[in-house]
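K.L.:
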Amino acid sequence: MARLLAVTIIVIAIVSAIPVIMHTWEAPADISTHGQMIDDQMADTMIEAGISFLAAQILLALFIWKSPTNKPGPEGKFKVFPGGAKGLIIASIVLVGVEVLALGAFGSKVWARVYFTPPAADAMPIQVQAGQFAFYFRYPGKDGKFGPIHPEMISEATQNLFGLDPEHDVESRDDVVAAELAIPVNKEIHLLMHAKDVSHSFYVPALRIHQDFVPGLDLSVHFTAAKIGKYEIVCSQLCGLGHYNMRAYLEVMSPEDFDDWQKKQAAAQ
Amino acid sequence: MATTIPPPEPEALLLPKRPQMSGAGNSGGHDFVPADGSLRVVDQYSPAPSSSAIWVGIAAICMSFAALTSALIVRQGASSDWRHLTLPPVLFFSTFVILVSSGTLEVARRHVAAFMTGRAAHVESPRRWLYITLGLGLLFVASQYMAWVQLRSQGLYLATNPNSSFFYLFTAIHALHVLGGLAGLLRVIIKLSHSTLRRSTLDATAYYWHFMGVLWVYLFVLLWMRI
Amino acid sequence: MHDKPIVSTAPAVVHGPPTTFISKHVFSLDHKVIGKQYYALALAAVLTGMVLSWLMRIHLGWNDLAIPGLQAFSPNGAPSGVMTPELYLRIMTMHATFMVFFVLTTAPFAAFGNFFLPIQVGAEDMPFPHFNMMSFWTTFVAFCVLVSAFFTSDGPPLSGWTAYAPLSAIGKDAGPGQGTGQVLWAAAIGIFCIGQLLGALNFISTVLDMRCKGMTLKRLPVTAWAWFITSCMGLTAFAVLMPATILLILDHVAGTSFFIASGLVINDQLVPHSGGSTLLWQHLFWFFGHPEVYIAIVPGMGIITHVLITNMRRPMVSMKAILYSMWALAFLSYMVYGHHMFVSGMNPFSSLVFSFPTLMITIPSTVLVLIWIGSLYGSRIRINAASLFALGFISMFVTGGVSGFFLAQPSIDIMLHATYFVVGHFHMVMGVAAIFGIFSGTYFWFPKMTGRMMNDTLGKAHFWLTFIGTYCTFMPFHYLGWAANVRRYSAFTDDYLKPLIPLHQFITVAALFTGAVQLIFLYNLVHSLLRGPAAPANPWEGTSLEWIMPSPPPWNNFGGKDPVVYHDADQYGVKTASGADYIMQNSPESSPTGC
Chain Z
4 MARLLAVTII VIAIVSAIPV IMHTWEAPAD ISTHGQMIDD QMADTMIEAG ISFLAAQILL
64 ALFIWKSPTN KPGPEGKFKV FPGGAKGLII ASIVLVGVEV LALGAFGSKV WARVYFTPPA
124 ADAMPIQVQA GQFAFYFRYP GKDGKFGPIH PEMISEATQN LFGLDPEHDV ESRDDVVAAE
184 LAIPVNKEIH LLMHAKDVSH SFYVPALRIH QDFVPGLDLS VHFTAAKIGK YEIVCSQLCG
244 LGHYNMRAYL EVMSPEDFDD WQKKQAAAQ
Chain R
18 MATTIPPPEP EALLLPKRPQ MSGAGNSGGH DFVPADGSLR VVDQYSPAPS SSAIWVGIAA
78 ICMSFAALTS ALIVRQGASS DWRHLTLPPV LFFSTFVILV SSGTLEVARR HVAAFMTGRA
138 AHVESPRRWL YITLGLGLLF VASQYMAWVQ LRSQGLYLAT NPNSSFFYLF TAIHALHVLG
198 GLAGLLRVII KLSHSTLRRS TLDATAYYWH FMGVLWVYLF VLLWMRI
Chain D
359 MHDKPIVSTA PAVVHGPPTT FISKHVFSLD HKVIGKQYYA LALAAVLTGM VLSWLMRIHL
419 GWNDLAIPGL QAFSPNGAPS GVMTPELYLR IMTMHATFMV FFVLTTAPFA AFGNFFLPIQ
479 VGAEDMPFPH FNMMSFWTTF VAFCVLVSAF FTSDGPPLSG WTAYAPLSAI GKDAGPGQGT
539 GQVLWAAAIG IFCIGQLLGA LNFISTVLDM RCKGMTLKRL PVTAWAWFIT SCMGLTAFAV
599 LMPATILLIL DHVAGTSFFI ASGLVINDQL VPHSGGSTLL WQHLFWFFGH PEVYIAIVPG
659 MGIITHVLIT NMRRPMVSMK AILYSMWALA FLSYMVYGHH MFVSGMNPFS SLVFSFPTLM
719 ITIPSTVLVL IWIGSLYGSR IRINAASLFA LGFISMFVTG GVSGFFLAQP SIDIMLHATY
779 FVVGHFHMVM GVAAIFGIFS GTYFWFPKMT GRMMNDTLGK AHFWLTFIGT YCTFMPFHYL
839 GWAANVRRYS AFTDDYLKPL IPLHQFITVA ALFTGAVQLI FLYNLVHSLL RGPAAPANPW
899 EGTSLEWIMP SPPPWNNFGG KDPVVYHDAD QYGVKTASGA DYIMQNSPES SPTGC
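Sequences listed follow chains Z, R and D, in order. All residue numbers in the first sequence are consecutive under our numbering, ending with 272. All residue numbers in the second sequence are consecutive under our numbering, ending with 244. All residue numbers in the third sequence are consecutive under our numbering, ending with 953.
Set out below in structure tokens:
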């Protein structure tokens, strides 16, 4: 039965690896300018993890396979793994520990690129508000400024989604609120995040962007989309019963189409 | 496959147990404190689980208060609605009372220790100092209640602002633990009256009580500086 | 003058023999009965949790299916039998809460630990049997409070076992079950913490103060060390979760604002709390949460090491390495908790800081795996149900651990956070490996606990089908995660997720199959309990002290006497006068080759 177990472990390890090698199930194609670094890091990790996984399972299976035929040696003692414990510990540190820390070091660069680089001075500011169970987006309009949010004025009933008070706040008058995130291609966007009620998260797999909304904290992300198309923005932080259905669309457009879109939206406010 | 032989007879490998003592418990049977204060010499000592276990319990309580302290610090930084309140002056009295009670407890313990090791021939009224400690402990809890009354009269309730929330929270949780300590003291007094009190129980209860004092001083300073 | 004090070898009788039915079987001071009570509680919890998981999986694979009996179970949650999104989330919350708290913390630690730790150190019982009894009954009360959430009009909460604020703190406006249900959940968890703290206290004191003559710390069996390390973690971790649950309850019932920020609007109404910190809950919870998962796995590591040594008839290549690695895991577990919060909005620099100990924790984990595998080299392992599950544990732990390489890096977490990859990772290590540890312990120790042998053929069948079934169930989770499938969704309505539904259906079939297979185990358990053949004192030829007395041991473990220990528990593969290949810990015989 030991042999059967050894074979089963090998078969499971290989069968598990096949979909990974064949890229059967993968993230949506990357449309961002920073995503390549993330994908590369993912690929490096995949290789290292894959090798560690296969090596460990094969070694385990091999020793189990040999187990039934092992006999105690001349002194009545079984053979000891060459190198003993010291060898195994050194192997752990060198083969796995060092490599994993190296991954971490390289990964830090990727992380810094996303989180420690400030947005460009001419990045387009757009605000996104997450609430149970939809995303709404606000554009600052011609004055480039966002009017203040008055939480007590937020009302789905009157569709005052951001709690704006155009009567008293000058900056609010030209703010444009939309249900989708339309952006021009190849333009850096500075997305300001606001949570209306509970925790949500802004996850755009195609854009390689992922950031939680935190009620009470002003957070932001910035990115540039390099490919025109329509992509999904999904909520990934459990926010209530509608969590599964909470999504919006990212529409990356040519600059001309984006101007048209903006004009249409402004007219419809 | 090694041949299997029955293992040696268990009886042969076990020491006979020491004679059973009346009264359940651990840490040896020879260190009971007599209730009448007569001469007692301890000639057997064994590791007492309760006096080391109490430190384990104290460690857990420290972790809980550490968690609450970090909650306080984070909450203070989270928003600008922190409204410093003046600590009710009765808290100075609380501090004095609990520190004195630690002193009286130590007096009680030293008396017991002295005649347990033969250094004193007799201890008068071993219970007296324990009762005094118990009384001071009750006084402490009463003074905490006074502090809450004083806060309430200023219109500061549990949810009025974060400062008041933490004030009530910290003092209430500490007071609950103090009540536990009082129950322990009562148990010690009762056992002493029946001569079933072990030295280790007294020690463990004493460490816990002193810890309540130390914890109170920490909380007092924390509340003073932050709230 | 008086004599010098004599250090006596062991404490006096801890408690007398039980006399009544109640003191024997219900409110028992005997650690063995308490251990069995915990096991029964864990069994009830795992069956409940498993059924809940089937409901979840069926719904995910076939979203519009009317599940028979579901409407009776929850008329509001499943009108005409089709599960609503809120019912899905409630089931998910309760599934996780039952499993993590009442199975994974209870069975390997409280159940087996309570039964075997005092025996393995040579004690008659734990030093504080009343606290021990209270610890079980407190845990039982916590279980009842949790179950009661099902029976309130509000119903159980839907915020997940992680109960992130403000969803969990605002109250019933945040969602169904978020009122009374959430408060009951928090109260149950708080009560559970108290029970576990009392247990941890006993475990630590047992190891420090109740060891018999000759049982130095170095001679403790590996399981005793594992329980000791786990207790140290439990003491600190549960002591932090409990105040957190108090703060959560206060936000609900007392109008405080520990976790609820200002200016929040739900249902067009301003939430009447302000100033709280959303992230505070996450910090407090995960400071507990990460040690908690090591609390779930470390006893299992101890158990399978113990089982492997006994069945390989040789010690590990280095027991020191195993013990130091377990200590390292425990120590590091407090420094890594922020890896659950990489994109949570905390300072991104903190994310890097947390990722380094997370990456470093691979080192002790790898040492453990390599020592286990390295010890198999050259060994002749006896194959039985217990050793099969121990070997399976190694395979599962490797798989689960390797997915940690991904999740430890914040840059990769950008893609994998809150996806099925995370769910696959923790199910592999907790939902499979830790459970394999429990199964291994069960098959190994059932004879000693009950005096009867389990059926080994059924045990092997159970192993095979479960091993293959769990791989089929949980390996695909990783593929889903790489494809960016977000977790905690009750349905997959996004365009990019729809092509993944067939894989979900495959998982559901595998899960239901694996669940059905557990009937073999249940049948074996019950049948052996009632009709199993009588078990000898030492069926596996083990060396540690649990094997020296008959099965099951008498009420005072060693018949009123104290064992004396001469060796560590690793005396296997030694030459003895009688021809046996092992020396028991309490045997004065020493082998020419051994210690």
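Idealized CB from N, CA, C, for every residue including glycine. Predicted model only: the values in this text are computed from it and were never measured.
Spell out whether any CB of chain D is found under 8 angstroms from the CB atom of R:Asn43.
P.N.:
Caution applies to R:Asn43, whose pLDDT of 40 falls short of 50 and renders its modelled position unreliable; the model cannot decide the point.
K.L.:
Give me the Cβ distance between D:Ile653 and D:Ala595, rounded to the nearest whole Å; I'm assuming they're in contact under 8 angstroms.
P.N.:
7 angstroms
K.L.:
Could you spell out the range, first to last residue, of the alpha helix (DSSP H) harbouring D:Thr588?
P.N.:
It spans Val580 to Val611 - the alpha helix (DSSP H) in which D:Thr588 sits, taken as one unbroken run.
K.L.:
Using CA atoms only, rank isn't needed, just tell me which of D:Gly647, D:Thr588, D:Val787 and D:Ser769 is closest to Z:Gly107.
P.N.:
D:Ser769
K.L.:
Go to Z:Met249, then tell me how far its beta strand (DSSP E) extends in each direction, as first and last residue.
P.N.:
Looking at the DSSP string, Z:Met249 is not in any beta strand (DSSP E), and its letter there is neither H nor E.
K.L.:
Is the region 483–495 of chain D close to the region 822–833 of chain D, with three or more CB pairs under 8 angstroms?
P.N.:
no
K.L.:
Please say whether Z:Gln60 and Z:Ile12 have beta carbons closer to each other than 8 angstroms?
P.N.:
Taking the C-beta atoms as reference points, Z:Gln60 is found nearer than 8 angstroms to Z:Ile12.
K.L.:
Can you give the Cα-Cα distance for Z:Val23 and R:Phe228, rounded to whole angstroms?
P.N.:
57 angstroms
K.L.:
Helix, strand or coil, according to DSSP, for Z:Val217 in the structure here?
P.N.:
coil
K.L.:
Going by Cα to Cα distance, which pick from D:His631, D:Asp626 and D:Asn625 is closest to D:Phe616?
P.N.:
D:His631
K.L.:
For the beta strand (DSSP E) containing Z:Gln283, name the first residue and the last one.
P.N.:
This structure does not reach residue 283 of chain Z, given that chain Z is present from 4 up to 272, and the question cannot be answered.
K.L.:
Measure the C-alpha to C-alpha separation of D:Cys502 and D:Ala546 and round it to an integer number of angstroms.
P.N.:
8 angstroms
K.L.:
Would you tell me roughly how many angstroms separate the C-alpha atoms of D:Ile528 and D:Ile624, rounded to the nearest one?
P.N.:
9 angstroms
K.L.:
Spatial neighbours of Z:Val113 within its chain, please: C-beta separation below 7 angstroms, excluding the five flanking residues on both sides.
P.N.:
Met40, Ile41 and Gln44
K.L.:
How many Å lie between R:Asp60 and D:Tyr682 at the Cα?
P.N.:
Any answer about R:Asp60 is weak, because its pLDDT of 49 lies below 50 and its placement is not dependable; what the coordinates show is given next. Answer to the nearest angstrom: the Cα atoms are 39 angstroms apart.
K.L.:
Is it true that the region 680–699 of chain D meets the region 586–602 of chain D, where meeting means three or more beta-carbon pairs spaced less than 8 angstroms apart?
P.N.:
yes
K.L.:
Are the region 70–87 of chain Z and the region 143–151 of chain Z touching by the rule of at least three beta carbon pairs closer than 8 angstroms?
P.N.:
no
K.L.:
In or out: D:Leu749 buried (at least 16 other Cβ within 10 Å) or exposed?
P.N.:
Here D:Leu749 is buried: its Cβ has 16 or more other Cβ atoms, across all protein chains shown, within 10 Å.
K.L.:
Does the structure place the region 468–477 of chain D close enough to the region 385–399 of chain D that three or more beta carbon pairs sit under 8 angstroms?
P.N.:
With a cut-off of 8 angstroms, the region 468–477 of chain D and the region 385–399 of chain D count as touching, because enough Cβ pairs lie within range.
K.L.:
Using the Cβ count rule (16 or more neighbours within 10 Å means buried), how would you classify D:Gly603?
P.N.:
Here the sequence assigns Thr to residue 603 of chain D, which means Gly is not the residue at that position. Around the beta carbon of D:Thr603, a 10 Å sphere encloses 16 or more other beta carbons of the protein chains shown; the residue is thus reported as buried.
K.L.:
Quick one: what does DSSP say D:Gly900 is sitting in, helix, strand or coil?
P.N.:
coil
K.L.:
List the residues of chain D that R:Met242 touches, going by C-beta distances under 9 angstroms, in chain order.
P.N.:
Chain D residues near R:Met242: none, gap ~20 angstroms exceeds 9 angstroms.
K.L.:
What are the start and end residues of the beta strand (DSSP E) that includes D:Pro375?
P.N.:
First-last for D:Pro375: undefined, no H or E at that position.
K.L.:
Can you list, in chain order, the residues of the region 79–106 of chain R whose Cβ is nearer than 9 angstroms to any Cβ on chain D?
P.N.:
Cys79, Met80, Ser81, Phe82, Ala83, Ala84, Leu85, Ser87, Ala88, Val91, Arg92, Gly94, Ala95, Ser96, Ser97, Asp98 and Trp99
K.L.:
What does DSSP give as the partner residues of D:Gln627 in its beta bridges?
P.N.:
D:Ile624
K.L.:
Show which residues of chain D have a CB atom less than 7 angstroms away from the CB atom of Z:Glu174.
P.N.:
When 7 angstroms is used as the limit between beta carbons, Z:Glu174 is near no residue of chain D, the shortest such separation being about 18 angstroms.
K.L.:
Whole angstroms are fine: how far does the CA of D:Tyr924 sit from the CA of D:Asn944?
P.N.:
6 angstroms
K.L.:
What residues of chain Z sit near D:Ala679, judged by a beta carbon separation below 7 angstroms?
P.N.:
Ala88 and Ile92
K.L.:
At a cut of 8 angstroms, does the region 730–749 of chain D reach the region 703–720 of chain D through at least three beta carbon pairs?
P.N.:
no
K.L.:
Helix, strand or coil for Z:Val255 per DSSP?
P.N.:
In this structure, Z:Val255 counts as strand in the three-state DSSP scheme.
K.L.:
Give the C-beta separation of D:Met408 and D:Gly873 to the nearest angstrom, bearing in mind that I take them to be a contact with Cβ-Cβ under 8 angstroms.
P.N.:
6 angstroms
K.L.:
Could you tell me which chain R residues have their CB closer than 8 angstroms to the CB of D:Pro485, listed as they occur along the chain?
P.N.:
Asn43, Pro66, Ser67 and Ala70
K.L.:
Consider the Cβ of Z:Asp200: report whether some Cβ of chain D lies at a distance smaller than 8 angstroms.
P.N.:
Under the Cβ criterion of 8 angstroms, Z:Asp200 is counted among the residues facing chain D.
K.L.:
Kindly indicate the opening and closing residues of the beta strand (DSSP E) around Z:Phe226.
P.N.:
Segment Leu222 to Thr227, the beta strand (DSSP E) holding Z:Phe226.
K.L.:
List the DSSP bridge partners of Z:Glu235.
P.N.:
Z:Tyr252
K.L.:
Mind checking if R:Val231 is an interface residue toward chain D, Cβ cutoff 8 angstroms exclusive?
P.N.:
no
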